[in-house]
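Residue numbers (the numbering used here): 1 to 290.
In this text, a Cβ means the ideal position worked out from N, Cα and C, and glycines have one as well.
Values in this document were obtained by computation on a predicted structure and should not be read as measured data.
These notes are about the structure you will find just below.
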Amino acid sequence: MLRRGGSLGVGAVAAAGSTALAGCATRRSDDDAEGGGTNGPPLIAHRGFAAEHPENTVAAVEAATAVVDRIELDVRRCGTGELVVFHDATLGRVTDATGRVDRTSADRLAELSVEGSGEPVPTLARALDAVPADAWVLLDLKERGVAADAVAAGAARDHDLAVTADDPAVIEAAAAADPTVPTVYGVRESVPARLLRPVIPGGRGGVTVPEWAYPPQDVAGMIETASESGCAAVSPRYELCLRTDIVSRAADAGLRVFPWTVTLDREYEAVAAAGVDAVVSDISPAGRGT
1 MLRRGGSLGV GAVAAAGSTA LAGCATRRSD DDAEGGGTNG PPLIAHRGFA
51 AEHPENTVAA VEAATAVVDR IELDVRRCGT GELVVFHDAT LGRVTDATGR
101 VDRTSADRLA ELSVEGSGEP VPTLARALDA VPADAWVLLD LKERGVAADA
151 VAAGAARDHD LAVTADDPAV IEAAAAADPT VPTVYGVRES VPARLLRPVI
201 PGGRGGVTVP EWAYPPQDVA GMIETASESG CAAVSPRYEL CLRTDIVSRA
251 ADAGLRVFPW TVTLDREYEA VAAAGVDAVV SDISPAGRGT
């Protein structure tokens, strides 16, 4: 079952120079009614449980943190210089506007409706203000040039903070801005493997392929980059945890593993069995499917 809490203890990581992921300590160990009495990897609410709430909005933050105490939010810079909580470089997927975020003012973004909800695109400051003080926030930095300001905004509040990016240069900038803030390296499969997603475990239709058919992945390179960047964790597309040895390699390197993006019980159970430390999910415990 997907978990509200769980055990994600904190300690100094191995000699690779990674920072201890202090912000991801368990704060609530009580099992909810769906916890089944057995702790598993805790959930990180991806964009505020994006399958259930208008993603990356204040409403999503408030709803998700009422259920879990770990949340992930995307960060980029808008046209007037403010940091805003938004995933895409362009507006069209989740609003009825067009154009680029980095060419749109914060005032204009505040007038838009995310997914027809009436919820505007929030500034990072507004979204962070909605996060409870006892929660842990993972900021996904979507572009270069935002790391120092994002780290400063997060560190100025009472909740615990970590940052993630799929660009080592962004991770380096975040570490330079504040070496005490843990960093997480985000990775995904190679392009050929992405094309096979519909036929791998947990993919569309539930059809599986033999392991030899899964394209080789540079897992060693992923772990090396994370370690050399001083990361405390690696955040892989969840299929990598099922089809490669990234979990064991990460453990050997002293890195925690936070797979993304899980939406079903069978996906959660599979990555939990693989030994991951937390699970980035679009779905809350109450909203999951099989």
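Asked: Determine the burial state of R204: buried for a count of at least 16 other Cβ atoms within 10 Å of its Cβ, exposed for fewer.; Found: Reliability of the predicted coordinates at R204 is poor, the pLDDT of 47 falling under 50, and the value obtained from them is presented with this limitation in mind. Exposed: under 16 other Cβ atoms inside 10 Å.
Asked: Please give me, in chain order, every unbroken run of the alpha helix (DSSP H) with length at least 4 that falls completely inside the region 92–142.; Found: 106–109, 124–129
Asked: Bridge partners for V75 per DSSP, in chain order?; Found: L141
Asked: Can you tell me which of the three DSSP states A233 falls into?; Found: strand
Asked: What residue ranges within the region 168–205 form continuous alpha helix (DSSP H) runs of no fewer than 4 residues, ordered along the chain?; Found: 168–177, 191–195
Asked: Nearest-angstrom Cα distance between A135 and I71?; Found: 8 Å
Asked: Alpha carbons only, please: which of L240, P122, P168 is nearest the one belonging to D218?; Found: L240
Asked: Could you tell me the boundaries of the beta strand (DSSP E) in which I44 lies?; Found: 43–46
Asked: Mind checking whether V121 and V131 have CB atoms under 8 Å apart?; Found: no
Asked: Return the chain-ordered list of same chain residues with a C-beta closer than 7 Å to the C-beta of A133, the five sequence neighbours on each side being excluded.; Found: D158, H159
Asked: Go through its chain and collect everything with a Cβ distance to I283's Cβ below 8 Å, but skip five positions before and after it.; Found: L2, F49, A51, E52, V262, T263, L264, G289
Asked: How big is the Cα-Cα spacing for T95 and R47?; Found: 15 Å
Asked: Would you kindly work out how many angstroms separate the C-alpha atoms of V199 and L242, rounded to a whole number?; Found: 13 Å
Asked: Answer yes or no: do R126 and V58 have a C-beta to C-beta separation smaller than 8 Å?; Found: yes
Asked: Relative to the alpha-carbon of A155, which residue among L128, R144, R108, V67 has its alpha-carbon at the smallest distance?; Found: L128
Asked: Taking only the alpha-carbon atoms, compute the straight-line gap between I171 and A147 and give it to the nearest angstrom.; Found: 8 Å
Asked: Measuring straight from C-alpha to C-alpha, what distance separates L91 and C78?; Found: 11 Å
Asked: Roughly how many angstroms separate the alpha carbons of L161 and E224, rounded to a whole number?; Found: 23 Å
Asked: Distance, Cα to Cα, A60 vs P54?; Found: 6 Å
Asked: Taking the beta carbon of E111 as the centre, do at least 16 other beta carbons fall within 10 Å, making it buried, or is it exposed?; Found: exposed
Asked: Taking only three categories from DSSP, how would you classify D149?; Found: helix
Asked: Between L83, E82, R100, which lies nearest to A89 when the distance is taken from Cα to Cα?; Found: R100
Asked: Let me know the alpha helix (DSSP H) ranges lying completely inside the region 240–280, each 4 residues or longer, listed in chain order.; Found: 246–252, 265–274
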